[in-house]
DNA sequence: CTTGACACTTACATTTATGTACGTACTTAC
DNA sequence: GTAAGTACGTACATAAATGTAAGTGTCAAG
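Chains as they are written, first to last, in full-length UniProt numbering: chain A, 1 to 137; chain B, 1 to 137.
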């Protein structure tokens with residue numbers, strides 16, 4: 001009778017890590033969620049889905065980001081392996097940002113949510129004004 | 001001959017509102033995004049996708065939420081018309097939370113993102129550990 | 001008769017996110 | 001020669017999110 005353990009091959013810790021569980025307070029997936037759903041994280045991923053952009057191009061694309069937060073957000077996403085930073089050693093500086101394969105997958109999900117919000121804003125806003133009227137009654 | 005304008009019915013402002021644009025700093029869709037992608041907003045939507053839950057049930061389901069933030073988040077989502085609050089007037093209090101049709105749509109998108117993160121956590125975390133090793137080198 | 005459950009609310013403290021302003025080192029345009 | 005663009009880092013300040021602890025009123029369980 002074959003023992004089940006015969007097929008066992010030791011894997012490095014990283015590959016043995018099981019699926020995350022966002023409902024668990026201590027799960028590291030909470031960090032990823034934080035970065036991806038951060039105020040500017042969402043918009044950076046979506047902006048980069050159309051192609052590589054430079055720092056200043058990103059800043060102009062995403063209305064209202066400060067330089068500081070854009071840099072910060074890009075570092076978060078780079079740290080999670082979703083964004084790739086490519087610095088050309090020239091002067092004036094030239095740095096390109098693009099999505100990694102992992103980032104492209106994440107960006108797709110994020111864009112679906114963003115698209116839904118943009119498209120359904122009227123339905124949502126309708127509720128706002130209705131409730132405002134109801135409060136006046 | 002029927003004039004095209006005969007069919008025209010003036011719509012309230014809310015129904016005439018066009019699609020939002022998240023890249024625009026002043027667009028109200030930014031508020032919705034903030035609520036939906038807030039730390040607990042994501043998890044509340046996902047938790048309610050499986051069915052109606054009471055306040056305390058939600059609190060037990062979502063690891064680490066404080067009562068204060070759960071209440072706050074539920075009010076945000078209720079204000080956006082994504083969550084319906086049903087209070088039974090009994091003592092001790094009994095309040096049910098469920099998704100509205102709008103909320104069910106939003107929750108689906110959010111869950112797709114959350115699922116992706118949970119499933120791909122190993123790939124992401126691999127990058128963390130690799131970079132840590134690289135820093136030691 | 002003390003405790004816990006329920007669904008919050010409020011006051012307060014703290015942590016985190018975000019913004020503002022300035023500096024950098026060099027280049028091109030005016 | 002003066003200003004602007006480039007991609008940030010850093011110090012400081014503020015705003016926002018979140019946490020903690022306590023209180024509410026009633027009931028049921030121990």
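Even for Gly, the Cβ is constructed at its ideal location relative to N, Cα and C.
Flag this pair as yes or no: are the beta carbons of residue i and residue j separated by less than 7 Å?
i, j, result
"residue 117(B)", "residue 43(A)", "no"
"residue 46(A)", "residue 114(A)", "yes"
"residue 110(A)", "residue 97(A)", "no"
"residue 81(B)", "residue 51(A)", "no"
"residue 99(A)", "residue 58(A)", "no"
"residue 37(B)", "residue 37(A)", "yes"
Of the residues the options, which one's Cα is nearest the Cα of residue i?
i, options, result
"residue 92(B)", "114(B), 126(B), 23(B) and 54(B)", "54(B)"
"residue 78(B)", "125(A), 40(A) and 74(A)", "125(A)"
"residue 20(A)", "121(B), 130(B), 68(B) and 71(B)", "121(B)"
"residue 107(B)", "41(B), 31(B) and 18(B)", "41(B)"
"residue 65(B)", "130(A), 129(A), 119(A) and 26(A)", "26(A)"
"residue 95(B)", "67(B), 112(B), 76(B) and 56(B)", "56(B)"
"residue 31(A)", "35(B), 39(B) and 28(B)", "39(B)"
Pull up the DSSP beta-bridge partners for residue i, would you.
i, result
"residue 54(B)", "96(B)"
"residue 87(B)", "95(B)"
Work out the CA separation of residue j and residue i for me, nearest whole Å.
i, j, result
"residue 123(B)", "residue 88(B)", "46 Å"
"residue 24(A)", "residue 90(A)", "46 Å"
"residue 71(B)", "residue 22(B)", "26 Å"
"residue 103(B)", "residue 86(B)", "15 Å"
"residue 119(B)", "residue 76(A)", "19 Å"
"residue 18(B)", "residue 67(A)", "30 Å"
"residue 60(B)", "residue 69(B)", "13 Å"
"residue 105(A)", "residue 112(B)", "11 Å"
"residue 131(A)", "residue 131(B)", "51 Å"
"residue 28(B)", "residue 129(B)", "39 Å"
"residue 35(A)", "residue 35(B)", "15 Å"
"residue 101(A)", "residue 101(B)", "33 Å"
Give the range of the alpha helix (DSSP H) segment to which residue i is assigned.
i, result
"residue 76(B)", "67-79"
"residue 30(B)", "29-36"
"residue 26(B)", "Segment: none, residue 26(B) is in no alpha helix (DSSP H) and carries neither H nor E."
"residue 48(B)", "41-49"
For the ligand FMN, I want to know if residue i counts as a neighbour, meaning its beta carbon is within less than 6 Å of at least one of the ligand's heavy atoms.
i, result
"residue 18(B)", "Annotation note on the ligand FMN: not contained in the displayed structure, which lists no ligands."
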